[in-house]
Every structure is written in structure tokens, then in C-alpha cells.
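**Q**
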Amino acid sequence: MKYSTIIQALLVALFSNIVYASVIDTRSLTARDDQSPNTEDLIAYQLPDGRRRIDFYDNGALEGYAIETDDGATFYDIDGSEVSLEDLNDDSDLAKRQSKWRLAIKFAKLIAKWGKKAWDYIYCVGASSMWRCADDYLQCAQSGTPPWACIEGIICVGVAARRC
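Its first residue numbered 1, the sequence shown is counted upward by one per residue in the numbering used here.
#1: Please work out which residues of its chain come closer than 7 angstroms, Cβ to Cβ, to A127, disregarding the five sequence neighbours upstream and downstream, and give them in chain order.
#2: Which same chain residues, not among the five before or five after C156, have their C-beta less than 6 angstroms away from its C-beta?
#3: Are the CB atoms of A9 and G72 nearer to each other than 8 angstroms?
#4: Taking just the CA atoms, how far does E152 sit from A66?
#5: Alpha carbon to alpha carbon, how far is V125 from K106? Give it in angstroms, no decimals.
#6: Any idea if S84 is buried or exposed, counting beta-carbon neighbours within 10 angstroms, 16 or more meaning buried?
#7: Any idea what DSSP makes of K96, helix, strand or coil?
#8: Mapping the DSSP letters down to three states, classify I78 as helix, strand or coil.
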């Protein structure tokens, strides 16, 4: 009798975790991942009007941000002026910027190339995961592979890419 009670308690504990894992909303996991302390370089969140935004930080200072549009995303400097990607085709101007913002502009070019589908993929995988695996995704982009088909990037982000 004592053993059956212990076995029943273990089974209930095991299956309650499985049930909880199957009903939790994956977007809430992404939100927690984006707001975690190890992603202090960027914060992704949803605006009151439903659009999504990613803020890019360097050592706690806001460097710029991206806001979702119908075509993908628009990137803005710290002063709120729109970043023209055509003006940044040569890296001379980018060299003056901090390296993290330069990486953000490379993502802007990736979004400009593949549009809203790229923005949705970045947000689905999680901005922090894309930031962590940026080298893999940008290398694929240079060879003409979209982010959702980039094997190296998918391997890097792991399970997060499965639902996207």
C-alpha cells in the first residue's frame, strides 16, 4: 500500500509536467527569452497598436530600434530618424557606428531583402536567438539563402526554429 501511494505520487508529478508543457503558449516562452538578463543587448516587445518592436542597446544605452511594417521593418536611429539602407551600402559610415548597431543594420538589410516573412521569422525564433546566431544567418544571406531555409542558423537556434 505504501509503495502504490509513492508510485501514484511520482506518476502524477511526471504527467503534470507533461500536461503543463503541452498547454503553455510558445509566445510566452519567447517573450520570457527576449526579456531575460542575458539579452540586455536587445529587447523585443509588442506595441499597443499590435505592431512589434525591437530595441538595440549597447552597454545599456539605446542605439536604435526597429518597428514592424507591412513590408517587414523600418529601422530608426536613437534620435528617431529613419535609417536609409541605401546610404549604408558601403561600410564606411557603419564603421563609425558601434558594432552591435552595425549588426542590427545588417539584419535590416536582410529584412529589406526578404520582407515581412523574414521579420516574422526573426520574431518567431526569438530576437535573442537570432542575435546569438547572427553570424550563421548573415553568412546564409550573403549566399542568397533566406533565414527560414538557413540550415546553419536553424541548427544554432535549435528547438526555437522548429515552430517557425
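By construction, the Cβ of each residue, glycine as well, lies at the ideal position given by its N, Cα and C atoms.
Quick caveat: nothing in here was measured; it's all calculated off a predicted structure.
**A** Taking the structure as given:
#1: Residue numbering aside, residue 127 sits at position 127 when the sequence shown is read from its first letter. Within the same chain, D34, L42, A44 and I54 come within 7 angstroms of A127 by CB-CB distance, once the 5 residues on both sides are set aside.
#2: Residue mapping note: residue 156 aligns to position 156 of the sequence shown, counting from 1. C133 and D136, listed in sequence order.
#3: Taking the first residue of the sequence shown as 1, we reach residue 9 at position 9. Taking the first residue of the sequence shown as 1, we reach residue 72 at position 72. Inclusion of A9 and G72 in the CB contact set at 8 angstroms is not warranted, their separation being larger than that value.
#4: Indexing the sequence shown from 1 puts residue 66 at position 66. Indexing the sequence shown from 1 puts residue 152 at position 152. Between A66 and E152, the C-alpha separation is close to 25 angstroms.
#5: Translated into the one-based positions of the sequence shown, residue 106 becomes position 106. Translated into the one-based positions of the sequence shown, residue 125 becomes position 125. Looking at the backbone, the Cα of K106 and that of V125 are separated by about 18 angstroms.
#6: Sequence index remark: in the sequence shown, residue 84 carries index 84 (1-based). S84 is classed as exposed because its beta carbon has fewer than 16 other beta carbons within 10 Å across all chains shown.
#7: Against the sequence shown, residue 96 aligns to sequence position 96. Model confidence at K96 stands at a pLDDT of 47, short of 50, so the residue's coordinates are unreliable and nothing is read from them.
#8: As a working mapping, residue 78 is identified with position 78 in the sequence shown. Collapsing the DSSP output to three states places I78 in coil.
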